[in-house]
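Novice:
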Amino acid sequence: IPVDDFDLVIFGGSGDLAKRKILPGLYRRFVAGQMPETARIIGAARSDYSDDDYRQVAREAVEEHVSEVDQEVLSAFLGQIHYLAIDAKGDKGWSELRDLIRFEVINAFYFSVAPSLFGDLAERLHSNKIADKNSRVVVEKPFGRDLETAQALNETLAAHFKERQIYRIDHYLGKETVQNLMAVRFGNVLFEPLWKTHYIDHIQITVAEEIGVEGRGEYYDKSGAMRDMVQNHMMQLLCLIAMEPPSVFGSDAVRDEKLKVIRALQPVSNHEIVRGQYDGGEGLTSYREDVDNPRSHTESFIALKVHCANWRWAGVPFYLRTGKRLKARSSEITVVFKDLAHSIFEGDEARHRNILSIRLQPNEGMDLQVTIKEPGPGGMRLIDVPLDMTFADALGPDNDEIPDAYERLIMDVIRGNQTLFMRGDEVEAAWAWTDPIIEGWQERGDVPKPYDSCSAGPEDAMMLMHRDGRRWRDIK
Ligand code: BG6
Numbered sequence: 156i157p158v159d160d161f162d163l164v165i166f167g168g169s170g171d172l173a174k175r176k177i178l179p180g181l182y183r184r185f186v187a188g189q190m191p192e193t194a195r196i197i198g199a200a201r202s203d204y205s206d207d208d209y210r211q212v213a214r215e216a217v218e219e220h221v222s223e224v225d226q227e228v229l230s231a232f233l234g235q236i237h238y239l240a241i242d243a244k245g246d247k248g249w250s251e252l253r254d255l256i257r258f259e260v261i262n263a264f265y266f267s268v269a270p271s272l273f274g275d276l277a278e279r280l281h282s283n284k285i286a287d288k289n290s291r292v293v294v295e296k297p298f299g300r301d302l303e304t305a306q307a308l309n310e311t312l313a314a315h316f317k318e319r320q321i322y323r324i325d326h327y328l329g330k331e332t333v334q335n336l337m338a339v340r341f342g343n344v345l346f347e348p349l350w351k352t353h354y355i356d357h358i359q360i361t362v363a364e365e366i367g368v369e370g371r372g373e374y375y376d377k378s379g380a381m382r383d384m385v386q387n388h389m390m391q392l393l394c395l396i397a398m399e400p401p402s403v404f405g406s407d408a409v410r411d412e413k414l415k416v417i418r419a420l421q422p423v424s425n426h427e428i429v430r431g432q433y434d435g436g437e438g439l440t441s442y443r444e445d446v447d448n449p450r451s452h453t454e455s456f457i458a459l460k461v462h463c464a465n466w467r468w469a470g471v472p473f474y475l476r477t478g479k480r481l482k483a484r485s486s487e488i489t490v491v492f493k494d495l496a497h498s499i500f501e502g503d504e505a506r507h508r509n510i511l512s513i514r515l516q517p518n519e520g521m522d523l524q525v526t527i528k529e530p531g532p533g534g535m536r537l538i539d540v541p542l543d544m545t546f547a548d549a550l551g552p553d554n555d556e557i558p559d560a561y562e563r564l565i566m567d568v569i570r571g572n573q574t575l576f577m578r579g580d581e582v583e584a585a586w587a588w589t590d591p592i593i594e595g596w597q598e599r600g601d602v603p604k605p606y607d608s609c610s611a612g613p614e615d616a617m618m619l620m621h622r623d624g625r626r627w628r629d630i631k
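For the sequence shown, my numbering assigns the number 156 to the initial residue and increments by one for each residue that follows.
(1) Could you please give the first and the last residue of the uninterrupted alpha helix (DSSP H) stretch that includes residue 395?
(2) Hey, quick one: how far does the beta strand (DSSP E) through residue 162 stretch, first residue to last?
(3) Starting from the Cα of residue 544, find the closest Cα among 518, 527, 566 and give me that residue.
(4) Nearest to residue 332 by CA position, among 627, 447, 285, 522, is which residue?
(5) Using DSSP's beta-bridge definition, name the partner residues of residue 512.
(6) Is it the case that the segment 407–427 contacts the segment 476–486, given that we only count it when at least three CB pairs across the two stretches are under 8 Å?
(7) Bridge partners of residue 262, per DSSP?
(8) When you compare only the Cα positions, how much space is there between residue 278 and residue 226?
(9) Quick one, are the C-beta atoms of residue 457 and residue 396 less than 8 Å apart?
(10) Going by CA-CA distance only, name the one from 510, 537, 509 that's closest to residue 500.
(11) From which residue to which residue does the alpha helix (DSSP H) around residue 117 run?
(12) Is the beta carbon of residue 633 less than 8 Å from the beta carbon of residue 391?
(13) With three or more C-beta pairs closer than 8 Å as the rule, is the segment 425–435 touching the segment 603–610?
(14) Less than 7 Å separating the Cβ of residue 566 from some heavy atom of ligand 1?
(15) Compare the C-beta of residue 343 against all C-beta atoms of chain B and say whether one is closer than 8 Å.
(16) Got a sec: does ligand 1 put a non-hydrogen atom nearer than 7 Å to the Cβ of residue 516?
(17) Taking the beta carbon of residue 464 as the centre, do at least 16 other beta carbons fall within 10 Å, making it buried, or is it exposed?
(18) Just the C-alpha distance for residue 254 and residue 447, rounded to the nearest angstrom, thanks.
(19) Sorry if obvious, but does the Cβ on residue 384 come closer than 7 Å to a heavy atom of ligand 1?
(20) Please report the Cβ distance between residue 484 and residue 369, rounded to the nearest whole angstrom; I am assuming they are in contact, meaning their Cβ atoms lie under 8 Å.
(21) In this structure, does DSSP put residue 610 in helix, strand or coil?
(22) Under DSSP, the alpha helix (DSSP H) around residue 359 begins and ends at which residues?
(23) Per DSSP, which one or two residues make a beta bridge with residue 544?
(24) Measuring alpha carbon to alpha carbon, tell me which of 186, 607, 491 ends up nearest residue 482.
(25) Cβ of residue 317 within 7 Å of any heavy atom in ligand 1?
(26) What residues in its chain sit with their C-beta under 8 Å from that of residue 206, if we drop five residues either side in the sequence?
(27) Alpha carbon to alpha carbon, what distance is there between residue 310 and residue 371?
(28) Where are the beta strand (DSSP E) runs, 3 residues long or more, that stay fully inside the segment 278–330, in chain order?
(29) Please give the ranges of any alpha helix (DSSP H) in the segment 377–443, keeping only runs that are unbroken, at least 4 residues long and fully inside the region.
(30) May I ask which residues mark the beginning and end of the alpha helix (DSSP H) holding residue 475?
(31) Label residue 632 either buried or exposed according to how many other C-beta atoms from any shown protein chain fall within 10 Å of its C-beta, with 16 as the threshold for buried.
(32) Can you tell me whether residue 377 sits near ligand 1, meaning its C-beta is under 7 Å from at least one heavy atom of the ligand?
(33) Using a threshold of 8 Å, state whether the C-beta atoms of residue 566 and residue 323 are closer than that.
(34) Going straight from the alpha carbon of residue 496 to that of residue 313, what length do you get?
(35) Within 8 Å, do at least three Cβ pairs link the segment 189–207 to the segment 286–297?
(36) Residue 575 by DSSP, collapsed to three states: which one?
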């Protein structure tokens, strides 16, 4: 079903994100028939491109990032793309943009630029009477680097736009399996009654990456895994797992519940955190080489044990772990249920647990480990088998391409659906929880533990669970 007609202006239209995600995502939606024929994408940046120059940029971006491209369809898509040279800090291009925009359709402005330019863009969109009360702005992370800077950014945007006009992207929320978390929890009678401290022993969230910092050293070395992944993506996953059922699947109802989770998170003490930094070896460079900072104390890995102090989760630890240059790209949420209150079986047969694992990527799907009798005449021996649902199998061969997070999110902007976007107060609450942890490291001069590239992270991360009598799932 096509969305309503729109003009989408991408500031930073020739930047990395536009090329890797935004333009290829829009192309896929075009192929799916979701982009109206009259909709327009307007790239805006400093370079003096013509429409055709920019179409060439878009063509290359789509060809590089989309697996099968139909040239005829691509040409039709490019026909809906335009370009305008604009100066975020000066006057150039703004009156042309006002003339170009169609005010009778949905206008969305994607700020795919450094956050330091958000204020300039917002201000000029207003002073040039380009944005009005129906316009939408889309902003990317990093949304601040601590509570103070996030508050300042929120204030800057709020000076010109209402909260209902602001779409803060966390691309994890656009991932198919992440959305599925809500479907699994709130669309089945099976799980929700068990989703609490009485039945759940602990929850693990792992987001493991194989890649290192990949040429983003300058940004990453000032951020580290805590700011880059935990404050946003991991926090959002935690919220979706831990939140109370919202009364409806609506943007404020969902976000109100997520906010309550973040506010219920307890401060994390030092011995419940392990920071790591990857070493080189076997032809691979070390973190310090990658960021060109031989004395860097920034973490490329973090594991932590988190408690959510509320009625549902009292006493249930959430173990979070994320890192770069680990042995596989594998993101998974694992819910480990408690032992049976009483088993009628004896010895080893009594020691089986249900485990629900939700694979975010790759090989998206979920499986539930259940205990059954081992087939055969050998008496009542119990084994664990997975009830496996790999989405690609379940959806069939025509549906093997799981949509990229950005596709879904950009279309949600046009539809005016904010459910999968972060609200300003959520972002601030997440920083309020993260800030003291980071400040603690700075005060103590904390040094991350080295770990081998292609490993599962520092040994201490294993200990974080071992000493509680638990263990991480393998990264594979
Ligand atoms: C980004 C981080 O937000 O998410 C990157 O800045 C990280 O450091 C990336 O690699 C991971 O996203 P995905 O979709 O590949 O899991």
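Ideal Cβ positions, reconstructed from N, Cα and C, are used throughout, including at glycine.
Fair warning: this is a prediction, and the values are worked out from it, not measured in the lab.
Specialist: In terms of the structure at hand:
(1) 390–397
(2) 161–166
(3) Here the closest residue by C-alpha is 518.
(4) 522
(5) 489, 522
(6) no
(7) The partner list for residue 262 (beta bridge, DSSP) reads 162.
(8) 39 Å
(9) no
(10) 537
(11) Only positions 156 to 631 of the chain appear in this structure, which leaves residue 117 out of reach.
(12) For the chain, the structure presents residues 156 to 631; residue 633 sits outside this window and is missing.
(13) Touching, yes.
(14) Outside the cutoff, so no.
(15) Protein chain content of the structure displayed is limited to a single chain, and chain B is not contained in it.
(16) yes
(17) exposed
(18) 46 Å
(19) Checking the Cβ of residue 384 against ligand 1 gives yes.
(20) In fact, because the Cβ distance is near 13 Å, the residues do not count as touching under 8 Å.
(21) strand
(22) Premise fails: residue 359 lies in the beta strand (DSSP E), 355–363, not in any alpha helix (DSSP H).
(23) 521
(24) 607
(25) Not under cutoff, so the answer is no.
(26) Cβ neighbours of residue 206 beyond the five flanking positions: 236, 237, 238.
(27) 28 Å
(28) 291–294, 321–323
(29) 390–397, 406–419
(30) In the DSSP annotation of this structure, residue 475 is not part of any alpha helix (DSSP H); the continuous beta strand (DSSP E) holding it starts and ends at 473–478.
(31) An answer regarding residue 632 cannot be provided, because it is not within the stretch 156 to 631 covered by the chain.
(32) Result no, Cβ not under 7 Å from ligand 1.
(33) no
(34) 52 Å
(35) no
(36) coil
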